[in-house]
Structures are given as structure tokens and as C-alpha cells.
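Numbering (numbering that gives the first Met the number 0), first residue to last: 0 to 646.
Below is one structure, written out as C-alpha cells; comments come after it.
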Amino acid sequence: MCGFAGIIESDPSRSSHPTDLRELVETMANSLKHRGPDDDGVWVDSRKGVALGFRRLAIVDLSRAGHQPMMSPNGRYVLVFNGEIYNHRAMRRELRTEGIAFVGSSDTETFLRGIEHWGLVDTLAKSVGMFAFAVWDCRESQLHLGRDRMGEKPLYYGLQGTTLLFGSELKALSQHRCFQGVIDRDALARYLRYGYVPSPRSIFKGIDKVPPGAIVTITRESEKLTVSEPHYYWRFSDIVSAGLANLSTRHPSELVEELDNLLRESIRDQMVADVRTGAFLSGGVDSSAVVGVMQSLADRPVSTFSIGFDDERFDESRHARNVAQFLGTEHVDICVTAQMALDTIPLIPQIFDEPFADSSQIPTYLVAQLAKKHVTVSLSGDGGDELFGGYERYKACEQLLPFLSLPKSVRRGASGALALVRSAMKSEKGTIGRKLDLAAELLPISPDDIYRRMMSRWRASEEVVLAASKSIDDPFDAAASIKDFRRRMMTIDGETYLPDDILVKVDRATMAVSLESRAPLLDHRIVEFSTRLPRNLLRRNGQAKWLLRQVLFRYVPQQLVDRPKKGFGVPIADWLRGPLRDWAESLMSEDRIRNDGFLNAAVIRNTWQRHCSGEIDASARLWAVLMFQSWLDATVAGRVSGASRAA
């Protein structure tokens with residue numbers, strides 16, 4: 000795992016001094032040292048105004064033969080590559096049969112020689128892994144930026160004036176003198192709605208993310224840089240559509256066997272490293288399946304890591320310990336307290352680089368910190384819920400479908416009646432009151448709108464952000480063509496929530512401590528397999544992720560993992576009313592919000608007061624505000640001008 004950054008000047012004469020470009024790209028790359036503490040490198044072509052910088056975390060081929068930037072033997076391509084290609088040895092064997100020789104044993108060299116021999120798109124089609132890359136074509140004066148299929152590895156890019164900047168994290172781009180740092184208020188509105196900035200936008204105007212499974216090409220023509228639209232070599236929503244058109248009719252026992260074999264192959268490949276490997280273990284279905292397979296393949300106890308809370312409502316660490324004890328792993332865990340959260344909060348803006356409001360970022364960082372003391376690579380169960388239908392919200396939404404098939408006039412009438420009942424029960428603040436409120440709110444609207452509301456924090460976020468557009472584009476549109484409602488929800492999550500929330504959280508938290516995280520369930524062969532499963536194998540006999548559970552039960556007894564799903568919850572609501580209250584109050588004071596000039600102070604203050612009184616639980620909405628405010632303090636203060644703030 001690594002980090003890289005780079006520059007292309009539209010007019011190379013502006014950087015005629017090689018040392019100028021070199022110093023700039025070195026500064027950009029060095030801001031990513033946490034992603035790659037083991038080695039660094041720079042490649043500059045001052046005549047063409049191109050510079051690539053790299054930081055390396057050595058995992059495979061620890062020798063200098065894995066040094067980057069790496070140039071192809073024919074001198075045409077220069078590559079910087081972040082991630083791992085798990086099947087690169089098989090790709091090497093194929094290349095050797097076609098007369099290609101190798102200097103070292105790194106997957107970067109395999110990928111580069113593949114590009115040279117097969118071309119970029121064909122090499123990507125053959126590659127199984129997680130990665131982001133930039134490859135400069137010296138002959139064509141083109142830069143190709145790309146990401147892996149599911150978006151495990153990050154990559155930002157954008158024109159700032161006449162200079163194109165790109166890198167693994169925004170902090171690298173911000174080191175360049177041309178970086179403008181203008182906050183995009185529409186992106187901010189999206190962030191407040193979802194808790195993350197959905198791709199392809201970033202929090203800054205003019206800076207985008209390369210979408211998962213896509214290539215962006217930058218071409219120099221005369222003294223002008225042309226940036227292409229993303230070209231998808233693989234797209235999750237397209238794969239889902241293809242899978243639904245070709246659903247499996249095989250017996251469930253055959254599909255269990257196939258999934259077990261796919262998972263074993265994926266995990267076997269991902270356990271390969273020249274450093275120590277381990278795994279995150281929550282005791283849930285996904286991580287237990289991964290660790291169960293790992294331990295069956297290992298010749299010694301696997302190192303496993305979990306996290307708990309001193310609040311037993313959120314603590315599931317005992318379940319992880321039970322699974323670890325049964326499997327015989329070397330298990331280590333840590334208990335998170337409110338004070339530990341308070342100590343971690345100042346680090347969050349630097350770790351996550353743009354506003355990010357998934358509160359499980361705190362325990363994720365702390366368990367990564369714990370794991371790094373023992374291993375350099377850690378496997379996880381990420382992706383299981385999105386691929387196999389694990390989230391309870393899928394079930395909840397589907398339970399409303401019979402009501403939503405009623406005529407709109409009937410639903411509106413029922414909603415009004417529930418509102419009247421709720422009005423007569425003003426003092427009811429418990430579960431009954433919340434359910435009445437929710438039912439009255441949801442009955443009149445469509446299934447898709449219900450799912451949008453379930454996934455939203457500030458639903459009318461454009462009214463919370465000053466000068467934001469009144470209507471914001473909908474990242475859910477990518478799944479509009481999928482008719483099956485459950486599959487549509489799963490596809491929305493696979494295209495938005497998974498890459499922009501879950502995988503961002505894991506990448507930044509682990510890379511902050513120079514730990515590589517790998518997700519075997521996101522092997523694209525498993526992803527493609529999951530899209531061909533009929534509905535009754537996603538949820539069966541009242542159990543979500545039914546097929547994945549059958550694989551799990553081959554390794555772990557059912558009674559150890561069969562329990563209601565909790566998720567990776569954090570007691571933020573109580574912490575904000577207690578130990579985090581003073582910190583939150585200082586960031587959300589009326590004067591502070593008004594002076595910053597981004598958010599509607601009246602709306603936020605009212606929400607904060609109602610939360611503190613216990614009238615409502617607005618912790619998700621408030622955490623989004625707090626993460627933006629703390630990010631603004633740490634990242635933008637001193638760089639964003641008054642004009643930028645008002646933009």
C-alpha cells in the first residue's frame with residue numbers, strides 16, 4: 000500500500016527548472032508519508048512539465064526492484080501504483096510465455112509490463128485486486144488515472160488554473176501553490192445529507208474523485224490540457240443488471256460450494272505478503288467467515304483484532320472473543336471510552352482529509368492502531384452487507400411495500416390520521432411516538448424516497464448550507480433501471496455508500512498508521528457471483544445473507560454468530576450530551592457558525608438544543624456538522640480566503 004501525487008503543466012515553460020517541479024512534487028508526495036514510510040521516489044520530465052512522486056509501504060518484494068516511479072523497459076510508460084494485484088503471479092506466468100522478462104517480483108512491475116504488452120484496458124481486465132494508479136505515456140503525452148472496480152483505493156484529480164494536480168489524498172494536492180481550496184457548497188450540502196461527499200465530487204471546487212472501475216485520461220494538445228470523462232472498464236450497476244438477467248438456477252448446495260471455493264481462493268491470494276498478516280474480527284457474519292477461512296488455510300494461529308465499548312449497549316467484543324477462541328486465533332482487543340474518543344477527535348480532520356461523518360471512524364482508527372502493533376496487513380469483512388443483502392434497512396423498506404402499493408390518496412389519508420393521533424400524544428417521546436412520527440412521514444411517499452430518507456442525515460441539507468443549490472443531483476440515479484427494489488437498494492449502496500463511506504473510512508484509518516487493509520469479499524469474482532443469486536438466497540427463513548451464512552457455518556458453529564445484527568455503532572448521542580458536550584458547544588456556537596459563513600446557525604442551534612434536552616436524537620446530523628467544523632478549523636483555516644469562503 001502506498002501513496003502518490005503528480006503534476007502536469009499545460010505550459011511546460013512555466014516549470015523550465017527541473018528542480019522546481021521536483022521540489023513541488025516531493026512536497027506533495029511527502030505529505031503522504033503515512034501511506035508509505037518505507038521508500039520514496041520522484042520522476043520528472045521538465046520539457047513536458049510532468050512530475051510523479053511516490054511513497055511506498057513495502058508489502059510484496061521488499062527490495063529496490065519494487066521502487067517507484069517505475070519506467071517500462073521500452074521507455075514509453077512511467078507508472079505510480081498504490082495497492083495490490085493478488086493474481087499478479089498468474090499474470091507473470093502468462094507474460095513469460097509471451098517472451099516478457101522481469102527484473103524483480105513486485106506486482107507493480109507485473110502491471111507495468113502488462114500495460115506495455117497487452118495495453119491498459121486488457122491489463123485491467125486480467126487484474127484481480129485493489130489499486131489506484133497513474134501512468135504517463137511519454138509517446139502520446141497522455142496521463143491515465145484509474146481505480147479498482149469497487150473503489151478500495153482513492154484517487155483525486157483536477158485542473159487548478161492551467162495545472163493538473165492528482166494524488167491519493169487531498170492533502171497532497173493542497174501542497175501545490177496552484178491549489179485554490181474553494182469549498183464547493185453543493186458538495187457540502189451533499190455531505191450534510193449523506194455524511195460523506197459522494198463521487199465524483201470532492202469538497203473542493205474543480206477537484207474530483209476518479210470513480211471506481213474507471214479511467215480518466217488527460218491529454219496535452221499544444222499548450223492545453225484536455226481531461227476526458229471517466230471511461231468505465233467495469234461498473235457495479237452494470238454488473239448487477241447483467242447478473243439479474245442471468246440469475247442462477249442451480250441448487251443452493253452447489254452455490255454454497257461455489258461461494259466457499261471463491262472465498263478460499265480470494266483469501267488465499269490476499270494472505271500472500273512478505274510481511275505479517277492478520278484480520279479484523281467483530282464476531283459478525285462477514286468478518287467471522289473471513290477469519291474462519293483464513294485460519295483453515297494458515298499453518299499457525301492467525302492474529303485477530305477487535306474493539307469494544309464501555310457501554311454494553313454497543314459492546315460486541317465478547318462475540319469476537321468467542322469466535323476467536325473457537326478458531327484458535329491469537330486475539331487482541333481494546334475497549335473504547337469517551338475519553339479515548341475525545342483524544343482521537345483532533346486527529347480526524349488530518350486523517351480523513353475532507354469532511355467525513357461516519358462516527359465509527361473513531362473505533363476503526365483505534366482498532367487499526369492496535370493491529371499495526373502486531374501486523375502490517377489486516378483482512379476485513381467489508382462488502383458482505385452490500386453484496387449479500389445484510390442491512391436491516393433492506394428488510395424495513397420491503398416491509399413497507401404492501402402499504403405503498405395502495406393508492407396515493409388512501410396513503411395520504413392514513414398519514415393524516417396518524418399525524419392526528421400523534422398530536423394527541425404530544426408527551427410521548429419513546430418508541431411509540433417515534434414510530435408514529437415515522438409512519439406518518441413515510442406513508443405518502445415512494446419506495447425510493449423512503450430509502451433516500453433512511454440514508455439521509457439532513458434531508459433538506461441545501462437549506463442548511465448557505466448559498467447552496469436548492470436541488471442537488473441524486474447519486475441514487477445510477478440504480479434507477481433496476482426494477483427489483485431490494486436489488487436497487489443494494490446497488491445504490493454498492494455504488495455510493497460502500498466506496499464513499501465504508502471504504503474511505505477503512506482506507507484512511509488504516510493508512511494513517513501505515514497498515515494495509517484488504518477486503519476478500521470485494522474480489523470482483525465474488526461480486527459478480529453475488530449479483531446472480533436469486534432473492535430467496537439473499538434472505539431465507541428470516542435470515543439475511545443466507546448463502547454467506549451457510550459458508551460461515553462450515554467454519555464456525557451457528558450458535559456463535561446467530562444473533563440480531565447491531566452494526567458498528569458508537570454511543571455518540573450520549574457522548575454529545577455528556578463528555579463531548581463542551582467540545583461540541585464550542586464548534587457550534589451561534590457566533591462561530593455565523594462568522595464561518597457556511598451554515599444556517601438558527602437551524603443548527605435549534606437542533607443542538609433539542610438534542611441536548613433529550614427531545615430528539617439528532618446525533619447523526621450534529622456529528623456531520625461537527626466533523627465539518629473541525630475539518631474547517633484544521634484543514635482550511637489560513638488557506639481559504641474570504642473570497643473562497645463566500646464562493
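Each residue gets a CB set at the ideal place from its N, CA and C atoms; glycine is no exception.
Every value quoted in this text rests on a predicted model; they were computed, and no experiment measured them.
Hey, would you say residue i sits closer than 8 angstroms to residue j, going by beta carbons?
i    : j    : result
A186 : R200 : yes
F304 : G283 : no
T375 : I58  : yes
S618 : A543 : no
E397 : F528 : no
G52  : P11  : no
C137 : V226 : no
S167 : F279 : no
L191 : S588 : no
G74  : R146 : no
H143 : L119 : yes
If we ignore side chains and look at the alpha-carbon of each, how far apart do residue i and residue j end up?
i    : j    : result
E253 : D357 : 38 angstroms
E315 : S377 : 20 angstroms
L154 : W135 : 15 angstroms
V255 : L546 : 6 angstroms
F351 : A367 : 14 angstroms
V271 : E264 : 11 angstroms
F313 : R392 : 19 angstroms
E584 : L631 : 16 angstroms
N594 : R456 : 24 angstroms
E257 : G380 : 18 angstroms
R95  : H116 : 11 angstroms
E93  : T634 : 47 angstroms
R576 : Q338 : 14 angstroms
C1   : L502 : 16 angstroms
E97  : M90  : 11 angstroms
R320 : C334 : 13 angstroms
L417 : E462 : Residue confidence for L417 is low, a pLDDT of 48 falling below 50, so the modelled location carries little weight; the figure read from the coordinates is stated next. Computed Cα separation, rounded: 27 angstroms.
In three-state terms, what does DSSP make of residue i?
i    : result
D483 : coil
P556 : coil
M587 : coil
Y658 : Since the first residue of the chain shown is 0 and the last is 646, residue 658 is not available in this structure.
L378 : strand
N321 : helix
G65  : helix
Q269 : helix
T276 : strand
E457 : It should be pointed out that residue 457 corresponds to Trp in this sequence rather than to Glu. Residue state, collapsed to three classes: coil.
F597 : coil
N245 : coil
S529 : helix
F355 : coil
Which word fits residue i, buried or exposed, when buried means at least 16 other C-beta atoms lie within 10 angstroms of its C-beta?
i    : result
R609 : exposed
P570 : buried
A124 : exposed
E151 : buried
R63  : exposed
K504 : buried
N178 : This sequence places Phe at residue 178; Asn is not what is there. It is buried - the Cβ of F178 has at least 16 other Cβ atoms within 10 Å.
F402 : exposed
K469 : exposed
L400 : exposed
D581 : exposed
V624 : buried
H33  : buried
P406 : exposed
K170 : buried
Per DSSP, what are the beta-bridge partners of residue i in this structure?
i    : result
W607 : W607 is not bridged to any residue.
D332 : S305
E8   : T162
P36  : R55
I182 : F203
D136 : Y76, Q141
H230 : I214
S240 : According to DSSP, S240 bridges with nothing at all.
K208 : Y155
Q542 : R539
C177 : For C177, which the question treats as bridged, DSSP gives no partner whatsoever.
E220 : K223
E515 : V376
Does the CB of residue i have a neighbour CB from chain C at under 8 angstroms?
i    : result
S140 : Note that chain C does not occur in the displayed structure, where there is just one protein chain.
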